[in-house]
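Just so you know, full-length UniProt numbering puts 79 at position 79 of the sequence shown, and the rest follows in order with no gaps.
Note that the Cβ used here is the ideal one computed from N, Cα and C, for glycine as well.
Source: prediction; values computed, not measured.
All remarks here apply to the structure that follows.
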Amino acid sequence: MELSDVVNTAILSAYGGTLLNVTLGSPLDGSCSVTSNDALLFHEKCGTLIKLSNNNKTAERRRPLDEFNNGVVMTNRPLRDNEMFE
Numbered sequence: 001m002e003l004s005d006v007v008n009t010a011i012l013s014a015y016g017g018t019l020l021n022v023t024l025g026s027p028l029d030g031s032c033s034v035t036s037n038d039a040l041l042f043h044e045k046c047g048t049l050i051k052l053s054n055n056n057k058t059a060e061r062r063r064p065l066d067e068f069n070n071g072v073v074m075t076n077r078p079l080r081d082n083e084m085f086e
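What follows is the structure, encoded as structure tokens:
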């Protein structure tokens, strides 16, 4: 796995306990490359300071002022070309 793949799929939880929400953007060419059974979600394996909810669409960092080593989340699959993760 390339370092860029790891960076593209890894999300560090935000400071201040802010919720991280997954929203899928449309590819730049306007076509839809994601089907309903291929939704982008947070992977169930995550840091011990992470609480997943909303069917793994939302990740919340517990104790936001603690270290962030255990506050890492990743997506359930790699991002595709022109796919946005916000």
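Under 9 Å between the Cβ atoms of residue i and residue j?
i, j, result
"E60", "K51", "yes"
"K79", "L41", "Per the sequence shown, residue 79 should be read as Leu rather than Lys. Contact flag unset, no."
"residue 110", "L49", "With the chain covering 1 to 86 only, the question about residue 110 has no answer from this structure."
"T75", "F85", "yes"
Does DSSP put residue i in a helix, in a strand, or in coil?
i, result
"F85", "strand"
Could you pull out every unbroken beta strand (DSSP E) segment of at least 3 residues lying fully inside the region 52-81, listed in chain order? Every beta strand (DSSP E) stretch that sits fully inside the region 52-81 and reaches 3 residues is listed by chain position as 58-61 and 72-74.
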